[in-house]
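Under the working numbering, think of the first position of the sequence shown as 112, with each following residue one higher.
Glycine included, C-beta positions come from ideal geometry on N, C-alpha and C.
Data first, discussion second: the structure below is written as structure tokens.
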Amino acid sequence: MQNEIKKVCVISAGVMGSGITALIANSSYKVVLLDIIAKDSDDPNKIVNTAKDNLHKQKPPPPPLSFPDKANFITIGNLEYDLDLIKECDLVIEVIGEKLEIKHQLYNKIIPYLKEDAIIASNISTLPLERLKENLPDNIKSRFVITHFFNPPR
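This is the structure we're talking about:
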């Protein structure tokens, strides 16, 4: 198993997901930010574009990105067309809503794209680890963890 994390994927561009993305970029690590496609736009990356743009202007100060050039560490995409970006990541953190069925659907969608030694994490406080990983393949279960970032992630 690889010991060094070089690239991270965060799934969900909401407040917590974008904040975690900024925290990682502020540390000069490459990070992929993925979310669903906006239904009300022709831009499939509208949600992640908006989240990335807001990282240097969120209120109250300080903004999540420490310096504007830290945005260069962030690659954006969506969960329909850009799942291949996950293949490059050593750590995948999902920050989607706390509904077990939806989380399981997401895991099934991303598992084929995980690196052989990638760690997968759920940023959650309400569901037990055993329930989260109950449907995962055995080779993934041992690499599945819970994270819990405080809001705002710093």
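Opposing strand residues paired with residue i [DSSP bridges]
i	result
V143	C120, T186
L196	DSSP, once it has assigned bridges, lists no residue as partnering L196.
E87	Absent from the structure is residue 87, since the part of the chain shown begins at 112 and ends at 265.
I257	S233
Distance between beta carbons of residue j and residue i, contact taken as under 8 Å
i	j	result
G128	N156	Going by Cβ atoms, the distance from G128 to N156 rounds to 14 Å, so no, they are not a contact pair.
I222	I257	Contact doesn't hold; Cβ gap of about 17 Å is too wide.
N246	G130	Contact doesn't hold; Cβ gap of about 28 Å is too wide.
F184	A124	Not quite, the Cβ-Cβ distance comes to about 15 Å (not below 8 Å), so this is no contact.
R254	I230	5 Å
Proximity of residue i and residue j at Cβ, strictly below 9 Å
i	j	result
D228	D195	no
I235	E209	yes
K220	L243	no
V119	V143	yes
I122	E191	no
S139	K181	yes
When you compare the stretch 195 to 207 with the stretch 152 to 167, are there three or more beta-carbon pairs, one atom per stretch, that lie closer than 8 Å?
no
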